[in-house]
Amino acid sequence: MTVLTMLVSVALPALTGQIIDALPNAIIENQPDHFLLLVIIMISLTVLRFIFGFLGTYQMSRVSNQLEADLRSVIYNHLVTLSFSFYDNIQTGQVISRANSDIKAIQMFLMMSPMLLTSVLSFIFAAAYMLSVSFTLTLAALVTTPVVYVLSMKLRAIMFPLSWLTQAHQADVAVIVDENINGQRIVKSFAQEQSQLTLLGKAAKKLQWVQVRAIDISSIFNPVIEHLTVVGQVLVWVYGGWLVIQGEVQLGALVAFNMYLMIIQAPFRFLGLLLQMEQRAKASAGRIFEILDEQPEITDRANISSLKSPQGYLEFDDVHFAYKNDPVLTGLDFKVESGETIAIVGRTGSGKSTVVRLLSRFYEMSSGSIKIDGIDIRDLALKNLHFHVGQVLDEPFLFSISIRDNIAYGKPNASMAEIISAAKAAQAHDFIKNMEKGYDTVVGERGYTLSGGQRQRLGIARALLVNPPILVLDDATSAIDVKVESDIHEALVNLMANRTTILIAHRLSTIGLANRVVLLDEGKAIATGTHQKLLETVPRYSEILSQQNRMPEREPRS
6 MTVLTMLVSV ALPALTGQII DALPNAIIEN QPDHFLLLVI IMISLTVLRF IFGFLGTYQM
66 SRVSNQLEAD LRSVIYNHLV TLSFSFYDNI QTGQVISRAN SDIKAIQMFL MMSPMLLTSV
126 LSFIFAAAYM LSVSFTLTLA ALVTTPVVYV LSMKLRAIMF PLSWLTQAHQ ADVAVIVDEN
186 INGQRIVKSF AQEQSQLTLL GKAAKKLQWV QVRAIDISSI FNPVIEHLTV VGQVLVWVYG
246 GWLVIQGEVQ LGALVAFNMY LMIIQAPFRF LGLLLQMEQR AKASAGRIFE ILDEQPEITD
306 RANISSLKSP QGYLEFDDVH FAYKNDPVLT GLDFKVESGE TIAIVGRTGS GKSTVVRLLS
366 RFYEMSSGSI KIDGIDIRDL ALKNLHFHVG QVLDEPFLFS ISIRDNIAYG KPNASMAEII
426 SAAKAAQAHD FIKNMEKGYD TVVGERGYTL SGGQRQRLGI ARALLVNPPI LVLDDATSAI
486 DVKVESDIHE ALVNLMANRT TILIAHRLST IGLANRVVLL DEGKAIATGT HQKLLETVPR
546 YSEILSQQNR MPEREPRS
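Here the sequence shown is numbered in my numbering, starting from 6 and rising by one per residue.
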C-alpha cells in the first residue's frame, strides 16, 4: 500500500501541470472536455491516495507493532534460558529498559522506515520528470544536495553516541526507580527519602544533559539543512521563470517541476528527526543484541537422561565452586540416603545455600560431581531435574496473581482439593479462608500485601503441591513465629517421611527435624552426625550454634 500511495503521489504533480496547461485552451477556445477529464482523474487519484495512505498506515502500524511484540517475545524467551550468573551481573532496571524503551525505539523507527523506500522511489520518478523538462534547471534545483548530504552524515555520526548515552541513562533512571519502589520500606525505615531523591535527581540530570546536547546539535543542523533546500526552490522559480518567458518550458511543467522538487526535498525537511530516530534505534539494537548475544552457561547435554521414579539418594563428591574468583566450596563430600532428612549448618558465607543451588544446577560446579540415584545431575534434563527437586527459599517470591494460582504455580492443573490440602499442610489454610476472597485473593507485587510468615507458608504449600521426591528448605521458616513454626514442623515431620529433605538451618528447632547434621566450614563438610553427637564431639559446631544464639525448641530426631 505504501508503494501504491507513492505511485499515485508522484503522478499528481505531472497531472497538475497538464491541468494548468489545459486551462487556457478550455477558457479561450471553450473546449473544457479535456480539462474536465484531467480534473476528474485528479480527484480520483486524490481519493485513491487517501485510501492507499490510510490502508498503508494501518498496515504498517500493525506490522511494526507485531514486530515489537515478536522482538519482546524473542528477548523474554532468551532471558529465561540464561543462567543465574547473568542476572548476578545485571541490574533489573537495565533489563526492563532494554525490553521496553529500547524495543519501542526500534518499533518507532520501523514505522518510519517505509518512508525511506518511498523517498528513494519518489526521488527516481521525480528526477526523471525534472530531467525531461530541463537538465540545467534540474542541476540548479539540486545544487545544494551534496552539501545537505554531507551535513546529514555529519549529524548522523554525532547523534549515534548521544543516542547510546540517552538509552543508557534512561536505563540508569529505571534502575533507581525500580530500587526505590521495591525498597520503599527500607527507604522509609531509614528516613532516606531525600537521599534517594538526590540520587534520582543526579541520574535524571545526566539524562537531561545528553538530551539537551542532542537538541542543541539538532537545532544547529536541522535549520541549515531545511533552509538549504529553500535555495533550490528559489533558483527553480528564478531560472525556471526565465525559461517560461523564453518559451522553452511551459508554465504547467514549471509548476509540476517545483512540486517534484518539493517531493525530493520533503525527506530533507525531517531528515534530522529521521536520523535521530535511526541512530536511537541503532543504539537500542546494539543494547538488545548485548543480551541476545549472551549464551546460557548451563544447558542440557547431547545425550541426556531423565529420572523416572527417583529414590532421592544424593551424593556430593569432591565438589568445588567459586563465585567469580572467590572460592566457596573446596572439596565438599557427603551423602544423603533415600528418605533421609539432613540439616546443613555453618557460619554465614560457608556455602550452605550454594549447596542447594548447585543441586538444582542453578550454577555449575567447577569440579567434582553431584549425583541423584547414581546419575550425575549434568546428565539429566534440566526440566526433569527441577521437577524432582522442590525448593522453598528463605524469601519466597509470589506473583501478582491469586493465592490459588500462586500455590498451583508448579502444578497448574491441580484440583482445588489438592491446593487446599497443600495449604493445610503448610498451615496456610486458616489465614487464607479468613480473607474476603479466600483462595481467589490477588496478592500484591511479590506478595507484599501478606506478612513474611504468610508468604513463606504459601511458598511451602507451593512446593508441597508438586510433591517432589527431593525437598529443599533454604531456611524456609526463618520469618515464621514460634507458634506457627511449631505447627508447620509437626506437619513437615509427616510430609518428609520417605522423602529426601535438605534443611538449610539456623534455628535449632529446624535442626531438630533432621536425622543427621552436616557441618560446613571453609567450603568443606568437616563433620557429620546427629545433633547430639556433634554437640559432644565437635567444638566448632557448639561454637557456631552459640554465635547464632539459637536455643533448642525440640528434641532432635533420632
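Backbone N, C-alpha and C fix where the C-beta goes; we use that ideal spot for every residue, glycine too.
Computed from a predicted structure; not experimentally measured.
**Message:** Which residue marks the beginning of the beta strand (DSSP E) containing residue 388, and which one marks its end?
**Reply:** Unbroken run through residue 388 is the alpha helix (DSSP H), 387-393; no beta strand (DSSP E).
**Request:** Identify the continuous beta strand (DSSP E) that holds residue 354 and give its terminal residues.
**Result:** No beta strand (DSSP E) contains residue 354, which DSSP labels as neither H nor E.
**Message:** Extract the residue ranges of the alpha helix (DSSP H) inside the region 425-483, only unbroken runs of 4 or more that lie entirely within it.
**Reply:** 434-438 and 457-471
**Message:** Going by beta-carbon coordinates alone, are residue 315 and residue 474 separated by less than 7 Å?
**Reply:** Yes; because the gap between Cβ atoms is below 7 Å, this pair is in contact.
**Prompt:** Would you call residue 563 buried or exposed, if buried means 16 or more other Cβ atoms sit within 10 Å of its Cβ?
**Reply:** With a pLDDT of only 44 at residue 563, under 50, the local geometry of the prediction cannot be trusted, and the value read off the model is given with reservation. Exposed is the label assigned to residue 563, since fewer than 16 other Cβ atoms lie within 10 Å of its Cβ.
**Asked** Quick one: Cα of residue 1 to Cα of residue 279, how far?
**Response** Beyond the ends of the chain as shown, which are 6 and 563, falls residue 1; an answer cannot be given.
**Prompt:** Do you know how far the Cα of residue 459 is from the Cα of residue 400?
**Reply:** If you take the alpha carbons of residue 400 and residue 459, they lie about 11 Å apart.
**Prompt:** Closest to residue 450 by CA distance: which of 413, 406 and 295 is it?
**Reply:** Answer by Cα proximity: 406.
**Prompt:** Among the residues of its own chain, which have a CB less than 8 Å from the CB of residue 546, if the five just before and after it don't count?
**Reply:** 350, 522, 524, 532, 539 and 540
**Request:** For residue 506, write down the residues that DSSP places opposite it in a beta bridge.
**Result:** 346 and 476
**Request:** For residue 310, I'd like the list of residues in its chain whose CB is within less than 7 Å of its CB, leaving aside the five on either flank, ordered along the chain.
**Result:** 380, 384 and 385
**Request:** Entirely within the region 48-136 and at least 4 residues each: give me those alpha helix (DSSP H) ranges in chain order.
**Result:** 89-93 and 97-102
**Request:** Measure the CB-CB distance between residue 233 and residue 141 and report whether it falls below 7 Å.
**Result:** no
**Asked** For residue 9, which residues from the same chain have a beta carbon less than 7 Å from its beta carbon, with the 5 sequence-adjacent residues on both sides left out?
**Response** 57
**Prompt:** Anyone know if the C-beta pair for residue 419 and residue 428 falls short of 7 Å?
**Reply:** no
**Message:** So for residue 312, helix, strand or coil by DSSP?
**Reply:** coil
**Request:** Using beta-carbon positions only, say whether residue 373 and residue 331 come within less than 7 Å of one another.
**Result:** no
**Request:** Output the distance between the C-alpha atoms of residue 93 and residue 364, rounded to the nearest integer angstrom.
**Result:** A direct Cα-Cα distance of roughly 18 Å separates residue 93 from residue 364.
**Asked** Where residue 226 and residue 153 are concerned, what is the direct C-alpha to C-alpha distance, given to the nearest angstrom?
**Response** 10 Å
**Prompt:** Got a sec, what are the start and stop residues for the alpha helix (DSSP H) residue 224 sits in?
**Reply:** 198-250
**Same chain only: Cβ atoms within 6 Å of residue 18, ignoring 5 sequence neighbours per side** = 261, 264 and 265
**Prompt:** Do residue 403 and residue 448 come within 7 Å of each other at the CB atom, strictly closer than that value?
**Reply:** yes
**Request:** Please report the residue range of the beta strand (DSSP E) in which residue 533 lies.
**Result:** 529-534
**Cβ neighbour criterion (16 or more within 10 Å) applied to residue 135** = buried
**Prompt:** Would you call residue 556 buried or exposed, if buried means 16 or more other Cβ atoms sit within 10 Å of its Cβ?
**Reply:** Legend: pLDDT at residue 556 = 45, less than 50; position of this residue unreliable, value from coordinates given subsequently. The residue in question, residue 556, is exposed, as its Cβ has fewer than 16 Cβ neighbours within 10 Å.
**Request:** Give the straight-line distance between the Cα atoms of residue 82 and residue 359, rounded to the nearest whole angstrom.
**Result:** 26 Å
**Item:** Range covered by the alpha helix (DSSP H) that runs through residue 549
**Value:** 544-552
**Item:** Beta-carbon proximity of residue 445 to residue 293, cut-off 7 Å
**Value:** no
**Request:** Compute the Euclidean distance between the alpha carbons of residue 102 and residue 84, then round it to the nearest angstrom.
**Result:** If you take the alpha carbons of residue 102 and residue 84, they lie about 14 Å apart.
**Asked** For the alpha helix (DSSP H) that contains residue 408, what are its first and last residues?
**Response** 408-412
**Request:** Return the CA-CA distance between residue 243 and residue 155, expressed in angstroms with no decimal places.
**Result:** Near 26 Å, if we compare the C-alpha coordinates of residue 155 and residue 243.
**Message:** With a threshold of 8 Å on Cβ separation, who are the neighbours of residue 248 within its own chain once the five nearest residues in sequence on each side are excluded?
**Reply:** 139, 142, 254 and 259
**Item:** Inter-stretch contact (C-beta, 8 Å, three-pair minimum) for the region 195-210 and the region 110-130
**Value:** No: the two stretches stay apart, fewer than three of their Cβ pairs being nearer than 8 Å.
**Prompt:** When you compare only the Cα positions, how much space is there between residue 390 and residue 105?
**Reply:** 33 Å
**Request:** Starting from residue 516, follow the alpha helix (DSSP H) in both directions and report where the run begins and ends.
**Result:** 513-516 is the span of the alpha helix (DSSP H), which, as asked, contains residue 516.
**Asked** Taking the beta strand (DSSP E) that residue 335 falls in, what are its first and last residues?
**Response** 331-341
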